[in-house]
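A.B. asks: Sharing a structure with you now.
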Amino acid sequence: MNRIEIRHVNVVQYINPLREGGSLPAIVKADDGFLYVLKFRGAGQGKKALIAEFIGGEIARAIGLHVPELVFMNLDDSFSKTEPDEEIQDLLKFSVGLNLGLHYLSSAITFDPLVTAIDSLTASKIVLMDSIISNIDRTAKNTNLLSWNKELWVIDNGASFYFHHNWQTWESHLTRTFPLIKDHVLLEFAKNLNEASQYITTHLNTKKIEEIISLIPEDWLESDADAFSPNDMRAAYATYLKAKLAMIDKLVKEAEDAR
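Numbering (the working numbering), first residue to last: 7 to 265.
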């Protein structure tokens with residue numbers, strides 16, 4: 007498997023906010039000349055949402071799904087000083103430092119299962135992936151999928167790994183399945199779950215999991231509110247993912263029963 011390389015870029019222009027949901031991501035331009043959707047560390051769920059977004063995105067890529075390039079984006083304090091909107095001004099002020107960017111897919115449209123056909127294996131991979139990462143936010147109301155260049159692209163995994171909002175109880179999640187899969191927007195199309203599970207367990211091995219976890223920026227894992235150290239958190243994320251892969255047959259059955 008190829009090693010993951012995450013580029014570091016600097017924000018040079020704040021273009022406009024995407025007023026969808028409560029976190030106010032924005033379209034920005036970086037010093038490499040490309041546009042990105044910037045996810046802010048100062049938004050509602052803070053750095054934990056960036057961690058979930060990063061791990062989920064790289065897992066999706068590892069199992070052969072289309073994901074916009076993820077980059078670490080440095081934001082300096084100059085943008086908040088020139089922003090007239092007070093809400094955005096505060097968001098920029100609290101997000102100085104390293105944030106997460108997703109390559110902007112110009113002219114992409116929100117995936118609509120009633121309009122765009124999807125193959126069963128791709129749907130099955132996404133359903134199982136979301137079971138593994140406990141993603142509660144890929145429903146008919148909010149698909150978090152894009153159609154671009156006649157392909158399906160996976161975005162917005164920030165609501166995953168919700169156990170990390172309470173580290174005191176994280177171990178209780180290790181043996182749980184994911185009943186909320188019943189609400190997944192792609193569940194009815196996921197008719198190749200067994201084939202998808204074999205693909206996932208082949209491509210998402212222990213080495214790949216540990217590589218992804220190792221790339222989480224250190225300061226995203228630092229928090230005065232959490233008793234866990236960054237190393238403790240890395241170990242917990244890896245343990246969680248390995249536990250879910252070990253019970254993938256149960257996740258397959260749960261999804262099949264729900265479908």
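For glycine and all other residues, C-beta sits at the position ideal for the given N, C-alpha and C.
Predicted model, so just to flag it, every value in this text is computed and none were measured.
Classify Gln-174: buried if its beta carbon has 16 or more other beta carbons within 10 angstroms, exposed otherwise.
C.D. replies: Exposed, because fewer than 16 other Cβ atoms sit within 10 Å of the Cβ of Gln-174.
A.B. asks: What residue from Leu-180, Thr-128 and Arg-265 has the CA that sits closest to Thr-245's CA?
C.D. replies: Nearest of Leu-180, Thr-128 and Arg-265 to Thr-245, Cα basis: Leu-180.
A.B. asks: Between which two residues does the alpha helix (DSSP H) harbouring Pro-236 extend?
C.D. replies: Element bounds for Pro-236: 236–252.
A.B. asks: Distance, Cα to Cα, Asp-225 vs Gly-103?
C.D. replies: Taking the straight line from one Cα to the other gives about 9 angstroms.
A.B. asks: Mind reading off the beta-carbon distance from Asn-105 to Phe-46? Whole number of angstroms is fine, and I expect it under 8 angstroms.
C.D. replies: Indeed they touch by this definition, with Cβ atoms about 6 angstroms apart.
A.B. asks: Let me know the secondary structure DSSP gives Ser-29 once reduced to three states.
C.D. replies: In this structure, Ser-29 counts as coil in the three-state DSSP scheme.
A.B. asks: Do Ala-36 and Asn-16 have their C-beta atoms closer together than 9 angstroms?
C.D. replies: It is a contact, given that the beta carbons lie within the stated cut-off.
A.B. asks: What did DSSP end up calling Tyr-110 once you bin it into helix, strand or coil?
C.D. replies: Correct three-state label for Tyr-110: coil.
A.B. asks: Identify every residue that forms a DSSP beta bridge with Val-34.
C.D. replies: According to DSSP, which records beta bridges pairwise, Val-34 is partnered with Tyr-20 and Tyr-42.
A.B. asks: Helix, strand or coil for Asn-141, going by three-state DSSP, please let me know.
C.D. replies: The answer is coil: DSSP assigns Asn-141 none of H, G, I, E or B.
A.B. asks: Tell me, please, whether the region 188–196 touches the region 145–154 by the rule of three or more beta-carbon pairs shorter than 8 angstroms.
C.D. replies: Enough Cβ pairs lie closer than 8 angstroms, so yes.
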